[in-house]
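*Asks:*
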Amino acid sequence: MKKELIVLYRKLNTNSKSRSFQLLSLFSYKGRIDSGRIAQLYREFFKSDSRFSEKFIFDSTDEFKNFINLVAHEYRLTHVKFLDLKSYYKIISECGKQEDFSRIIESIDLHKVQGVEGTSLIDRIFSF
Amino acid sequence: MQTPNSLNQKIFKSKEYFKNIPENLETIKWFRYWEIPSKNWPDYFEATEKNQFIFVPIHWGYHFRQEHNIYDFDSNQDFNLGYIERLATEYEREIIFFIPTGPYPFDVRGGVPQHLFHQSVDLNSIPRVVKNSKNELCRIPSFYDQNMYKEYARFLVSLYESCKKRKSKVRIKGLSAGYFEDKNFNTFFNDSSKTFLESFERYLSASEIEDVSLSDVYDFREMVSNLFLSASEKYLGAYWDGDLKMVFHGAKSDDILYSTIFKNVDEHYFHDLQLAVKDGYLTSTEMVNSSHEDQVFNRAYSEMMNYSYIESIVFDDFHLQNNLRFTPLIFAKIFSRDKFDLISTGILDYFEKNCSHHYQIIDGVYNEDLEQENESISICFSRYLGNKEFQEILNNFSEGANIILDLSCMTLDHRKQLELFLSSHETDSQHINLIGPVSYYQLGHGNLVTFESEHFQGSNLSKRNHFWGRLLSVFSLRTLKIDLAHGVSCFVLKREVTPYELNYKEVRRVFLYNTTNSSKSVFIHSSKESAFLKYKNQLSTEVTSTPKGVEIEMEKNGSVILDFGIIKDNHEKRTHRTI
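Chains as they are written, first to last, in the numbering used here: chain W, 3 to 130; chain D, 44 to 622.
So, in structure tokens, the structure goes:
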């Protein structure tokens, strides 16, 4: 299995000048990343508590992608799959069974994480 | 005339019922009769066991006959509830009917009539769609549709008439399905759909509320949820047997994404099971794929949701003799009406870190019944303390209760009464300064510790942890010191001793489950306060008893149960405690 990070998020502001995002859920290939851990990473990323709320909000595309990169590096994940809420709605409404849903989710494009070596010697010796 | 209640009691008073119950029996069977043709119902009952509970959720939408605009429970065999009752009697099975006081998460449309269905979304706007044990996607409806309540009342009236007509002997419970979020039980009334918003707007307009606050939202949600409950009680009369809150594993909005990626159960199912046992909820695996391979979760589930536990929750008017049943081990009950008290004093952090599944948070001021032997510590805040609760604290203290009381915001009158009480009774007292003044009073077997939470402002986490550690050291909690590896799930329950165990105060049972695919080690330290008695049901696990403690080596998905006797406290030798 590829070392994937699955990101469920939603766009909060589609104004062409600024776009913000809310992170909804994160799953690594090993399991769900719980909200407590996400909160820790969020605090570390912004290096302060001032940005913290119960919702994980990012004020720009770059901010959001950099955070996801941080998480991917933290968990040594090589690929990321992004799923925005609007698409999620659409997929869910078209499916009656888990298998249909899984098939569509699996077909979503994977993005390679920058800077994480997927086939390094360390990874080959120690499987995570 | 036999009432439904007396019929249930007759069956369960027999001790014979509890003999030979297989330990891994799936104790709850859900009979989704609308999915099975009635000609196959006898086969269904035949395949069940006598010592299984058969839960029959009455499907509101299924009984609605749109062409005649009526509810039908009798005319056709396929939705004849009377036939289900007769089969239960014939096969000597105990059944419990449920009605949806909120959505049924295991049904593809939440159990509501088609014309009332509007998709609900959670507080993050994620559509509430979950997967049931048959891999069907189930859409959770919003209960805020403006016609919902009226239609629900009609459904209840028809149901009552049907029960009366066939002289039903089976009681009906309300099913409040939910899930744990941030350790709190949440129902699907936590909705933020368009249907909810429209309904909320109508409420604001009718109540003439102009400055809307978050508490208005909470009040509205609670009001609507209570409407369905009170309607159930009102219209079902003698057939109503109260509401049952049930946690459904796999019912969170993003659980479906998890199950897309992983074949084994999510680790949080174990946490939810621990929380449920601690706080007295039933849980259900109706949303978990029946063919999933997570045997270790299956084991944990059947051992926790066992027959006697379910019986104690479902039938609260019948109590099994205590020494037959393991109960949650609760060291402390924190009575609070305001989360601020819990966060600002650091008490939540302390308990989460040191005994995370052995405390309860109770929404209220103080209410403790000393008739049941109870050595747990009650922690209360004076902010909302009324005269009745205050008197109860003093009475219980004098009768041997363990209480920690925050004096901040206590009324002057109560402070004077407390001073008078303490000076007029022969209390031993000590006074120190930790974070603000702390006083400790002993009166017979009762222990009272007072503190002032207003001094916590500006104190750091480390000082707060030290504070709570000092306070709780007075009460000799006698925890088993368990070095738990990450990925091993641990449950600790207790029971009273049998006549053969009189050296001990109680028996504690430790359940260990390795939820990972790798080997794990656990060590339970020896102490003067406990004795290792036995272990059983070990699977892929080695147990070695040493003078320093018990070593447990667990292979992938291993599990084991260990019993410890807690040695009696010798009251004659009990010396004066210090804080």
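Note that the Cβ used here is the ideal one computed from N, Cα and C, for glycine as well.
Here the structure is a predicted model, which means the values were calculated and not measured.
Can you tell me where the alpha helix (DSSP H) with V255 of chain D in it begins and where it stops?
*Replies:* What you label residue 255 of chain D is simply residue 212 of the second sequence in a count that begins at 1. Here V255 of chain D belongs to no alpha helix (DSSP H), and DSSP marks it neither H nor E.
*Asks:* Report, in whole angstroms, the separation of the C-beta atoms of H401 of chain D and F378 of chain D, which I expect to be a contact under 8 angstroms.
*Replies:* The residue given as residue 401 of chain D occupies position 358 in the second sequence. The residue given as residue 378 of chain D occupies position 335 in the second sequence. Actually they do not touch by this definition, with Cβ atoms about 16 angstroms apart.
*Asks:* What do you reckon, are the CB atoms on F554 of chain D and F575 of chain D nearer than 8 angstroms?
*Replies:* Here residue 554 of chain D corresponds to residue number 511 of the second sequence, with the count starting at 1. Here residue 575 of chain D corresponds to residue number 532 of the second sequence, with the count starting at 1. Contact flag unset, no.
*Asks:* Does DSSP put G280 of chain D in a helix, a strand or coil?
*Replies:* By 1-based counting over the second sequence, the position of residue 280 of chain D is 237. Helix at G280 of chain D.
*Asks:* Using a Cβ-Cβ distance under 8 angstroms, would S311 of chain D count as near chain W?
*Replies:* As a working note, residue 311 of chain D is residue 268 in the second sequence. Note on residue identity: the sequence assigns His, not Ser, to residue 311 of chain D. Yes, its Cβ sits closer than 8 angstroms to a Cβ of chain W.
*Asks:* From what residue to what residue does the alpha helix (DSSP H) around L199 of chain D run?
*Replies:* The residue you call residue 199 of chain D lines up with position 156 of the second sequence. Run containing L199 of chain D: 191 to 208, per the alpha helix (DSSP H) assignment.
*Asks:* Hey, could you find the ends of the beta strand (DSSP E) M597 of chain D is sitting in?
*Replies:* Counting from one through the second sequence, the residue named residue 597 of chain D turns up at place 554. Here the beta strand (DSSP E) through M597 of chain D covers 592 to 610.
*Asks:* Taking only three categories from DSSP, how would you classify L514 of chain D?
*Replies:* On the second sequence, position 471 is the one that residue 514 of chain D refers to. L514 of chain D falls in the helix class under three-state DSSP.
*Asks:* Can you name, in chain order, every residue of its own chain whose Cβ lies under 8 angstroms from the Cβ of Y11 of chain W, other than the five neighbours on each side?
*Replies:* Counted from its first residue, the first sequence places residue 11 of chain W at position 9. Excluding sequence neighbours, Y11 of chain W sits near F23, Q24, L25, L26, F66, F84, L85, D86, L87.
*Asks:* Give me whichever residues DSSP pairs with A41 of chain W in a beta bridge.
*Replies:* Position 39 of the first sequence, counted from the start, is the residue given in the question as residue 41 of chain W. For A41 of chain W, which the question treats as bridged, DSSP gives no partner whatsoever.
*Asks:* How many angstroms separate the CA atom of P146 of chain D from the CA atom of E594 of chain D?
*Replies:* As a working mapping, residue 146 of chain D is identified with position 103 in the second sequence. As a working mapping, residue 594 of chain D is identified with position 551 in the second sequence. Distance between the alpha carbons of P146 of chain D and E594 of chain D: 46 angstroms.
*Asks:* So what's I106 of chain W in DSSP terms, helix, strand or just coil?
*Replies:* By 1-based counting over the first sequence, the position of residue 106 of chain W is 104. In this structure, I106 of chain W counts as helix in the three-state DSSP scheme.
*Asks:* Starting from Y87 of chain D, trace the beta strand (DSSP E) in both directions and tell me its first and last residue.
*Replies:* Taking the second sequence and counting its residues from 1, the one referred to as residue 87 of chain D is at position 44. Where Y87 of chain D is concerned, there is no enclosing beta strand (DSSP E), although the alpha helix (DSSP H) it sits in stretches over 84 to 89.
*Asks:* Please check if any C-beta of chain D sits within less than 8 angstroms of the C-beta of Y91 of chain W.
*Replies:* On the first sequence, residue 91 of chain W is found 89 positions in, with the first residue counted as 1. Yes, Y91 of chain W counts as interfacial toward chain D.
*Asks:* At which residues does the beta strand (DSSP E) containing G489 of chain D begin and terminate?
*Replies:* Reading the second sequence from its first residue, position 446 is the one you call residue 489 of chain D. Here the beta strand (DSSP E) through G489 of chain D covers 489 to 494.
*Asks:* Select from D:G479, D:K207, D:V357, D:L491 the residue whose C-alpha is nearest the C-alpha of Q500 of chain D.
*Replies:* On the second sequence, position 457 is the one that residue 500 of chain D refers to. Q500 of chain D has its Cα closest to that of D:G479, out of D:G479, D:K207, D:V357, D:L491.
*Asks:* Please report how far the alpha carbon of D115 of chain D lies from the alpha carbon of Y578 of chain D, in whole angstroms.
*Replies:* Position 72 of the second sequence, counted from the first residue, corresponds to residue 115 of chain D. Position 535 of the second sequence, counted from the first residue, corresponds to residue 578 of chain D. Approximately 53 angstroms, taken between the alpha carbons.
*Asks:* Rounded to whole angstroms, what is the Cα-Cα separation between G153 of chain D and A294 of chain D?
*Replies:* Working through the second sequence from its first residue, we reach residue 153 of chain D at position 110. Working through the second sequence from its first residue, we reach residue 294 of chain D at position 251. Distance between the alpha carbons of G153 of chain D and A294 of chain D is about 12 angstroms.
*Asks:* Less than 8 angstroms between the CB atoms is what I'm expecting for K548 of chain D and K611 of chain D, so what's the real figure, rounded?
*Replies:* The residue labelled residue 548 of chain D in the question sits at position 505 within the second sequence. The residue labelled residue 611 of chain D in the question sits at position 568 within the second sequence. Yes, they are in contact, since the Cβ atoms of K548 of chain D and K611 of chain D sit about 5 angstroms apart, within 8 angstroms.
*Asks:* Per DSSP, what are the beta-bridge partners of V320 of chain D in this structure?
*Replies:* The residue you call residue 320 of chain D lines up with position 277 of the second sequence. Looking at the DSSP assignment, V320 of chain D forms no beta bridge with any residue, so it has no partner.
*Asks:* Can you find a CB in chain W that lies within less than 8 angstroms of the CB of N341 of chain D?
*Replies:* Looking up residue 341 of chain D in the second sequence gives position 298. Cβ-Cβ to chain W under 8 angstroms: no for N341 of chain D.
*Asks:* So, does the segment 195 to 208 of chain D touch the segment 252 to 259 of chain D, judging by three or more C-beta pairs under 8 angstroms?
*Replies:* Contact between the segment 195 to 208 of chain D and the segment 252 to 259 of chain D is absent, because fewer than three Cβ pairs lie under 8 angstroms.
*Asks:* Starting from T587 of chain D, trace the beta strand (DSSP E) in both directions and tell me its first and last residue.
*Replies:* Walking along the second sequence from the start, residue 587 of chain D turns up at place 544. 573 to 588 is the span of the beta strand (DSSP E), which, as asked, contains T587 of chain D.
*Asks:* Is the distance from the Cβ of L318 of chain D to the Cβ of D392 of chain D below 8 angstroms?
*Replies:* Here residue 318 of chain D is taken as the residue at index 275 of the second sequence, counted from 1. Here residue 392 of chain D is taken as the residue at index 349 of the second sequence, counted from 1. No, the pair does not count as a contact, with Cβ atoms beyond the cut-off.
*Asks:* Check the Cβ-Cβ distances between S104 of chain W and every residue of chain A, and say whether any is below 8 angstroms.
*Replies:* This model lacks chain A altogether, as its protein chains are W and D.
*Asks:* Can you tell me which of D:R551, D:G530, D:K524 puts its alpha carbon nearest to the alpha carbon of S570 of chain D?
*Replies:* Taking the first residue of the second sequence as position 1, residue 570 of chain D is located at position 527. For the residues D:R551, D:G530, D:K524, the minimum Cα distance to S570 of chain D belongs to D:K524.
*Asks:* Measure from the alpha carbon of H81 of chain W to the alpha carbon of each residue in W:E46, W:I110, W:Y44, then state which is nearest.
*Replies:* Position 79 of the first sequence, counting from 1, holds the residue named residue 81 of chain W. Checking every option, the nearest Cα to that of H81 of chain W belongs to W:I110.
*Asks:* Taking the beta strand (DSSP E) that E6 of chain W falls in, what are its first and last residues?
*Replies:* On the first sequence, residue 6 of chain W is found 4 positions in, with the first residue counted as 1. Counting along the chain, the beta strand (DSSP E) containing E6 of chain W begins and ends at 6 to 13.
*Asks:* Residues of the segment 247 to 261 of chain D in Cβ contact with chain W at a cutoff of 9 angstroms, in chain order, please.
*Replies:* Answer set for the segment 247 to 261 of chain D: empty.
*Asks:* When you compare the segment 66 to 75 of chain W with the segment 323 to 332 of chain D, are there three or more beta-carbon pairs, one atom per stretch, that lie closer than 8 angstroms?
*Replies:* Cβ pair count under 8 angstroms is below three, so no.
*Asks:* Between the Cα of A274 of chain D and those of D:V290, D:D234, D:F228, D:K216, spot the shortest distance and give me the residue it belongs to.
*Replies:* Along the second sequence, read from residue 1 onward, the residue named residue 274 of chain D stands at position 231. Per the Cα distances, D:K216.
*Asks:* Which residue comes first and which comes last in the alpha helix (DSSP H) that contains Q460 of chain D?
*Replies:* Taking the first residue of the second sequence as 1, we reach residue 460 of chain D at position 417. Here the alpha helix (DSSP H) through Q460 of chain D covers 455 to 467.
*Asks:* With burial defined as no fewer than 16 other Cβ atoms inside 10 Å of the residue's Cβ, what is the status of G438 of chain D: buried or exposed?
*Replies:* To locate residue 438 of chain D, count along the second sequence from 1; it is residue 395. With the sequence shown as reference, residue 438 of chain D is identified as Asn, and Gly is not the correct amino acid for it. With fewer than 16 Cβ atoms within 10 Å of its Cβ, N438 of chain D is classed as exposed.
*Asks:* Just to confirm the assignment, what range does the alpha helix (DSSP H) spanning G479 of chain D have?
*Replies:* As a working mapping, residue 479 of chain D is identified with position 436 in the second sequence. Per DSSP, G479 of chain D belongs to no alpha helix (DSSP H); it is in the beta strand (DSSP E), 479 to 486.
*Asks:* Evaluate V531 of chain D with the Cβ neighbour count: other Cβ atoms within 10 Å of its Cβ, from every protein chain shown; 16 or more gives buried, anything less gives exposed.
*Replies:* On the second sequence, position 488 is the one that residue 531 of chain D refers to. Looking at its Cβ environment, which holds 16 or more other Cβ atoms inside 10 Å, V531 of chain D is buried.
*Asks:* So what's E442 of chain D in DSSP terms, helix, strand or just coil?
*Replies:* Position 399 of the second sequence holds residue 442 of chain D. It is coil, neither helix nor strand.
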